[in-house]
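Since the structure comes first, as structure tokens, the remarks are kept for the end.
Printed below as a string of structure tokens:
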């Protein structure tokens with residue numbers, strides 16, 4: 001245990017008052033909720049006080065100020081630290097009432113910080129390690145923006161991370177990536193308290209974190225996390241390095257709670273009335289619960305108002321820009337698409353119908369991206385070391401390097417999870433539309449970050465190629481089977497599985513238009529013939545499912561298909577109709593968009609009076625909803641195998657013949 | 001590019017012949033398949049030749065010899081390296097015919113090594129980083145086994161890892177964990193070739209790997225990966241350290257292919273006929289494709305037969321053990337459960353019915369584990385830093401530490417993915433039944449390893465607590481919604497969601513009995529009343545779903561429910577029957593087991609003649625299969641929220657009243 005209490009404190013009384021205000025609000029709120037994590041806010045109160053009062057550039061009255069510093073509480077369980085700071089510095093959203101309603105239904109003060117609940121919460125955190133990785137994305141976005149708008153871009157990204165964040169694998173991806181790109185305006189304050197939930201961190205970890213970060217090209221300092229002067233010096237020094245910075249802040253978890261501090265007992269449970277009372281004594285904080293004396297509140301509010309001068313100065317710089325730049329900047333920050341995009345996409349689609357290319361949809365995606373990246377200058381592409389496979393790079397997107405941030409393409413390395421979290425950070429920063437590729441099967445690696453894209457309603461586009469056994473020889477470790485189902489199960493995620501070049505361009509267009517929903521594009525490795533032979537101005541994929549090929553005879557059968565299996569559906573239609581069975585084919589590029597249609601459209605599309613067979617080279621889960629209890633499903637409910645794609649489709653019985661037979665069995 | 005060809009080689013002719021045999025088979029097989037990764041096998045042929053010929057303890061005639069060294073090809077795309085070695089050293093499974101059928105349907109030589117396809121393949125690899133983490137699990141299992149059977153346990157675990165493996169986040173978790181436990185018999189050979197798929201690794205990474213590994217407590221050496229003498233010295237030295245070892249092997253990817261070596265062009269595509277011919281010249285390998293001259297094959301086979309002496313010596317040591325120890329060891333390795341377990345579980349279940357405890361199912365799990373861990377001595381528990389929340393520790397399981405491996409409990413730290421992969425490694429090693437806990441929502445973090453448990457048919461038990469909005473205040477980041485669906489979509493995974501203490505004990509029993517299927521136990525944070533009030537000798541959960549409460553009136557409604565919502569179903573039953581609507585309740589602890597039942601049982605359980613309503617505090621996906629098109633679902637298809645659990649159930653409308661209303665609407 002470290003030193004404790006005011007007597008031995010090297011800090012000014014002003015600092016201690018301000019820090020203790022955080023401690024008091026945190027322990028009181030957790031106690032009132034009878035649930036939460038007091039240990040981290042109490043331990044990191046000194047660090048946070050120095051950061052917010054001396055360094056962080058922010059204006060509570062203009063929380064969306066684009067050039068504000070970003071603050072990410074990666075150890076999200078310490079949410080009361082953030083809520084306290086937002087209240088104390090004067091964010092209007094964050095009233096004392098909200099603090100008192102910590103962890104209650106409908107409050108802005110959720111158990112973990114939730115993006116969108118209140119201004120000043122820069123990102124949702126809680127799933128450990130991801131805050132750090134998202135902060136890397138924000139710091140990257142700052143560099144990218146500075147390359148475009150250097151006169152008005154100069155902000156830092158600060159992170160508070162805990163031991164848990166640094167144990168998570170994603171911390172490696174994030175740290176390594178940040179070191180590689182020399183993201184020098186990223187400063188991580190590590191709450192080095194040697195305690196995790198199970199007890200002392202000695203139980204599970206013996207890392208030399210300083211050496212570790214240095215190995216990845218970071219600047220590293222260590223300070224007493226309760227010494228305001230040391231903290232201030234370290235942050236000032238960190239701002240001057242040419243590398244990302246780690247500041248190890250040695251703290252006592254639950255600082256001030258005399259019997260519980262320095263133990264795991266203070267990590268994730270209320271202190272209890274008695275210990276709260278003792279902590280009040282220990283800290284020299286005689287005030288009643290939730291009472292912040294006006295003179296202390298004033299000190300904090302002065303910090304908040306200081307930011308107003310800085311934001312006003314920035315406004316002046318902004319106004320000094322040429323109008324064209326101002327307009328473009330605002331459009332970038334608002335995430336608007338240029339109006340020229342619609343026409344370009346329409347022209348492209350028309351051309352596709354004329355040319356009828358038999359591209360793999362990953363190739364169709366690249367061709368669509370060539371059109372998009374020409375018109376939309378805010379897209380930032382990338383791939384987790386599969387650029388030539390995902391086909392995510394276009395001539396417009398030069399690589400981003402540590403020396404030059406004017407490019408638009410990120411070599412993420414073999415870091416799927418990191419890539420996804422970094423894209424979340426870029427999207428949250430605003431000004432960019434990130435998209436990134438890997439194999440569909442590795443959505444599993446990225447899944448926790450895809451979930452945060454969805455939860456935070458961020459427009460991130462996942463370009464997931466090699467989307468079925470159709471990838472062939474790489475075998476079951478690389479063949480998604482359950483992934484479409486697993487992704488469709490996730491709330492607020494649009495999963496697109498286009499059937500050809502036309503549908504791919506339509507789905508890309510929809511993904512860009514979905515400002516509050518991330519998208520997964522599920523794309524084939526193998527070539528696919530064009531199935532959309534007639535040009536339509538309408539985006540047919542926008543309805544999620546549509547009749548692609550009507551029956552020539554009276555419709556007895558409806559085949560529902562997605563992606564690469566639409567061609568199989570069309571072949572099955574031929575077989576059935578040649579046997580006198582009227583058959584229609586419905587393409588289903590997006591379940592989610594289809595489910596948003598009205599009942600009448602759903603009915604006329606699904607046609608319950610017909611025998612319905614679904615065909616998709618994935619597992620059957622959920623298809624019963626569309627095929628009904630007497631319907632059929634042709635797909636694969638086991639793991640795949642290693643062989644040429646054609647052999648696999650036959651082996652697993654995903655063929656036109658099988659579809660036709662399944663339909664006939666049910667007539 | 002490094003030096004190339006025989007002229008400058010510091011190696012013996014014998015070594016070069018043996019290494020070139022690997023190179024030739026690898027490039028020929030990839031060429032014949034017109035698909036695959038020749039670069040890594042050609043680059044690492046020298047290292048592998050030294051490892052297999054001078055160090056690796058194995059007997060091709062006894063591939064299951066328990067004390068063999070383990071070899072893990074973490075860079076699984078270089079599968080031809082492993083297949084070549086297995087063929088050359090004389091594993092019967094691995095014929096030349098199999099090599100010629102590389103990547104073809106039904107061959108043992110899948111694109112990536114698949115566990116179970118052929119002896120000598122210790123684990124499935126391909127998803128990068130996981131091989132390394134599984135090797136950590138194997139090396140841990142060796143230490144655990146040595147603590148029990150020291151006379152007959154002394155083997156090393158060797159890994160070949162690539163740049164991609166070391167970029168993945170899981171490498172951090174694995175390296176940090178191995179360093180913490182000082183797993184000194186783990187030796188990692190890093191294929192340091194500076195090339196990944198996108199090109200030079202400089203594009204994406206600037207790590208100082210030596211420093212990084214040292215920061216985690218590893219011994220580090222660096223060698224010329226084409227110098228047999230250097231390699232030999234390094235491995236010999238690595239065996240003597242008291243820490244895990246990294247040997248950085250500087251290699252030229254595709255060594256021997258004169259125009260393509262040292263480039264990403266040789267990573268994942270056939271060399272082409274012309275380059276293959278040139279490589280033959282460069283390497284001084286005049287033999288025709290797939291032809292290994294008998295004198296070279298003899299050299300390799302001599303290596304294989306050398307192992308027979310070692311395995312015979314081990315047999316002698318084994319025979320010298322007391323019979324009781326031999327019997328126990330064989331039972332451990334075979335993974336048999338003691339016959340006493342069945343009775344103990346039955347007694348426990350009877351006691352539960354008598355006591356009727358209203359435990360959270362996480363608590364019920366702990367109580368079941370107390371019984372299990374008393375009878376089954378091979379269970380190895382653990383948690384990813386949530387021991388007190390997952391309740392995975394019992395009095396029988398003392399912590400495993402670097403100083404003492406006689407314990408049975410692992411503090412995995414905040415490393416969910418690493419934990420899962422390490423458990424896979426322990427299961428593959430044999431001798432242990434690993435189980436580990438985290439929050440259900442973090443199955444997302446562990447998902448790629450859960451998938452490998454399923455694909456490799458390993459008995460790993462995932463104890464996933466806090467399994468719904470019922471966890472309350474921690475909010476949407478911690479509340480699983482889509483996770484049951486996402487896990488049920490995965491092939492060969494049993495997902496159990498027990499409703500009370502009795503069902504929990506039954507599900508635990510089933511999980512242990514499932515030798516070829518991993519299990520997820522989905523467990524509540526909140527207390528649940530006992531719903532199984534009558535003792536049955538039969539394990540009712542074994543059928544996946546069963547009628548828990550028959551209707552008292554003529555059955556008009558069937559309510560299907562799982563886990564914590566079974567109580568809600570029973571309350572709804574009361575409401576409906578008091579309104580004169582005969583209602584039965586079916587508990588559905590496992591979809592997977594239910595789907596294996598015969599049609600008659602399914603029909604009598606689901607009762608299609610009744611209105612069927614499913615209730616589960618998760619998303620609706622897939623339930624249509626059981627409820628039919630006119631059925632209903634009460635659950636949650638959005639993200640959760642932060643609030644006390646009771647408030648959330650009301651807020652999201654998961655109540656007995658809502659179930660009853662949904663049923664009445666459909667009558």
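Protein chains in written order, with the numbering used here: chain Y, 1 to 667; chain P, 1 to 667. The C-beta atom is built at its ideal place from N, Cα and C for all residues, glycine as well.
Please report the Cβ distance between residue i and residue j, rounded to the nearest whole angstrom; I am assuming they are in contact, meaning their Cβ atoms lie under 8 Å.
| i | j | result |
| --- | --- | --- |
| residue 519(P) | residue 494(P) | 5 Å |
| residue 135(Y) | residue 72(Y) | 4 Å |
| residue 394(Y) | residue 366(Y) | 7 Å |
| residue 217(Y) | residue 206(P) | 6 Å |
Under a CB-based cut-off of 7 Å, is residue i close to chain P?
| i | result |
| --- | --- |
| residue 100(Y) | no |
| residue 244(Y) | no |
| residue 532(Y) | no |
| residue 658(Y) | no |
| residue 89(Y) | no |
| residue 643(Y) | yes |
| residue 639(Y) | yes |
| residue 14(Y) | no |
| residue 524(Y) | no |
| residue 143(Y) | no |
| residue 387(Y) | yes |
| residue 205(Y) | yes |
| residue 2(Y) | Because the pLDDT of residue 2(Y) is 39, which lies under 50, any placement of that residue in the model is unreliable, and the number read from its coordinates should be weighed accordingly. No, because no Cβ of chain P sits closer than 7 Å to the Cβ of residue 2(Y). |
Using CA coordinates, which residue listed in the options is at the minimum distance from residue i?
| i | options | result |
| --- | --- | --- |
| residue 33(Y) | 113(P), 166(P), 214(P), 473(P) | 473(P) |
| residue 397(Y) | 480(Y), 452(Y), 375(Y) | 375(Y) |
| residue 90(P) | 620(P), 118(P), 75(P) | 118(P) |
| residue 437(P) | 547(P), 388(P), 457(P), 429(P) | 388(P) |
| residue 672(Y) | 658(Y), 141(Y), 132(Y) | With chain Y running from 1 to 667 in the structure shown, residue 672(Y) is simply not present. |
| residue 423(Y) | 401(Y), 402(Y), 386(Y), 463(Y) | 463(Y) |
| residue 506(P) | 480(P), 227(P), 521(P) | 521(P) |
| residue 457(Y) | 170(P), 356(P), 639(P) | 639(P) |
| residue 276(Y) | 284(Y), 257(Y), 294(Y) | 257(Y) |
Check whether chain Y comes within 7 Å of residue i, counting only Cβ atoms and requiring the distance to be less than that.
| i | result |
| --- | --- |
| residue 375(P) | no |
| residue 19(P) | no |
| residue 605(P) | no |
| residue 565(P) | no |
| residue 653(P) | no |
| residue 5(P) | At residue 5(P) the pLDDT is 45, less than 50, meaning the model places this residue with poor confidence and gives no usable figure here. |
| residue 122(P) | no |
| residue 541(P) | no |
| residue 503(P) | no |
| residue 104(P) | yes |
| residue 173(P) | yes |
What residues match up with residue i in a beta bridge as DSSP calls it?
| i | result |
| --- | --- |
| residue 71(P) | 158(P) |
| residue 624(Y) | According to DSSP, residue 624(Y) bridges with nothing at all. |
| residue 547(Y) | 586(Y) |
| residue 219(P) | 245(P) |
| residue 381(Y) | 409(Y) |
(request) Can you check the segment 104 to 169 of chain Y for any beta strand (DSSP E) of at least 3 residues that lies completely inside it and give the ranges in chain order? (result) For the segment 104 to 169 of chain Y, whole beta strand (DSSP E) runs of length 3 or above, ordered along the chain, are 157 to 161.
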